[in-house]
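In the working numbering, the protein residues as written are 2 to 276.
We put the beta carbon where it would ideally sit given N, CA and C, even for glycine.
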Amino acid sequence: MVNKLREWNWKKEHVSLVAGNHDAVKIIALAKKYGSDKTAVHDLSFSLRRGEILGLVGPNGAGKTTTLKCIIGLVRPTAGNIWVEGNPAGSREARAAIAYIPETPLLYDDLTVTEHLKFVAMAYRVPQKRAIQRIDQLLRDFELEEEKDETPLAFSRGMRRKLSVVCALVHDAPVLLVDEPFTGLDPHAVWTLKKWLRRARAEGRSVLLSTHMLGIAEELCDRFLILHQGRKIAEGTLAELRELPKLSGRTEASLEEVFISLTNPNPEFGESKME
Ligand SMILES: Nc1ncnc2c1ncn2[C@@H]1O[C@H](COP(=O)(O)OP(=O)(O)OP(=O)(O)O)[C@@H](O)[C@H]1O
Ligand SMILES: [Mg+2]
């Protein structure tokens, strides 16, 4: 009996370790090749912990969007394993656990703002009363009330982005994957989105935020993962990143300074930016 219990406990622990039950997202040795010669992501492993905002930063073409798309299941990895809340990426359970703000807003030109939000609420089975409350709150918070019956056909770039953002916030998915969500938003909307992301974290939900806006990332994120040419070159809190040898003891360095030092092949460039 005792042996059986031990065996069962070991199996449970082993399964949860393998399946990544301890993390919101667990990625092991992810690689993605487009065609035969373009390797966008190499041997990437990391975890998004429960209740954290993890900043995914890196120069253009570093592989951030590819990584997010692999987690969602929109892109099939060439190698590696990904679990979302313990479920294999791409499975129905994994998809249901994710709210996604894509790099390029995907909107329906025939649906009004409210119809977009109701459609997402229905797809994620948000109870009707809760959906109505949430939609009203989002329209108010993101100052979209006047446009609620309009279609996005004539929307500005920033308005399209706002609609894409609120669509992802209608439901309470435990994992938020957000790809450059601040681009084109006005300062009110930036402030509001930061508030909603912080609230998600306070509720124990997890956010993977890909962005070039390093000031906002520094303000919001608990930890950072720096990608360069498809490889992870650093991971940790800002304090931990400042300890890296390339930072030569610059204990006050901003995330921008850390980023420049780690990703620019010319060290003088980093130095001159920091004077
Ligand atoms: N569908 C595709 N077909 C071929 N190559 C692709 C495809 N999508 C991305 N790539 C290439 O993969 C690499 C990583 O692209 P990705 O979009 O993941 O980078 P990113 O870090 O999101 O960049 P950015 O900061 O510009 O958004 C780039 O070299 C890009 O050209
Ligand atoms: Mg991208």
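Straight-line measurement puts the Cα of His-172 at about 21 Å from the Cα of Asp-150. Taking all protein chains in view, the Cβ of Met-123 is surrounded by fewer than 16 other Cβ atoms within 10 Å, so the residue is classified as exposed. Where Leu-263 is concerned, the enclosing alpha helix (DSSP H) starts and stops at 256-264. With fewer than 16 other Cβ atoms inside 10 Å of its own Cβ, Gly-36 counts as exposed.
For His-213, no alpha helix (DSSP H) run applies, since DSSP gives it neither H nor E.
Bounds of the alpha helix (DSSP H) holding Ala-203 are 188-203. Residue environment analysis places Leu-107 among the exposed positions, since fewer than 16 neighbouring C-beta atoms fall within 10 angstroms of its C-beta.
Boundaries of the alpha helix (DSSP H) harbouring Phe-120: 114-124, taken from the DSSP string. Shortest gap from the CB of Glu-257 to any heavy atom of ligand 1: 7 Å or more. Relative to the non-hydrogen atoms of ligand 1, the Cβ of Lys-196 never comes closer than 7 Å to any of them. In the structure shown, the three-state DSSP call for Ala-98 is coil. Residue burial is scored here from C-beta neighbours: Tyr-101 has at least 16 other C-beta atoms within 10 angstroms and is therefore classed as buried.
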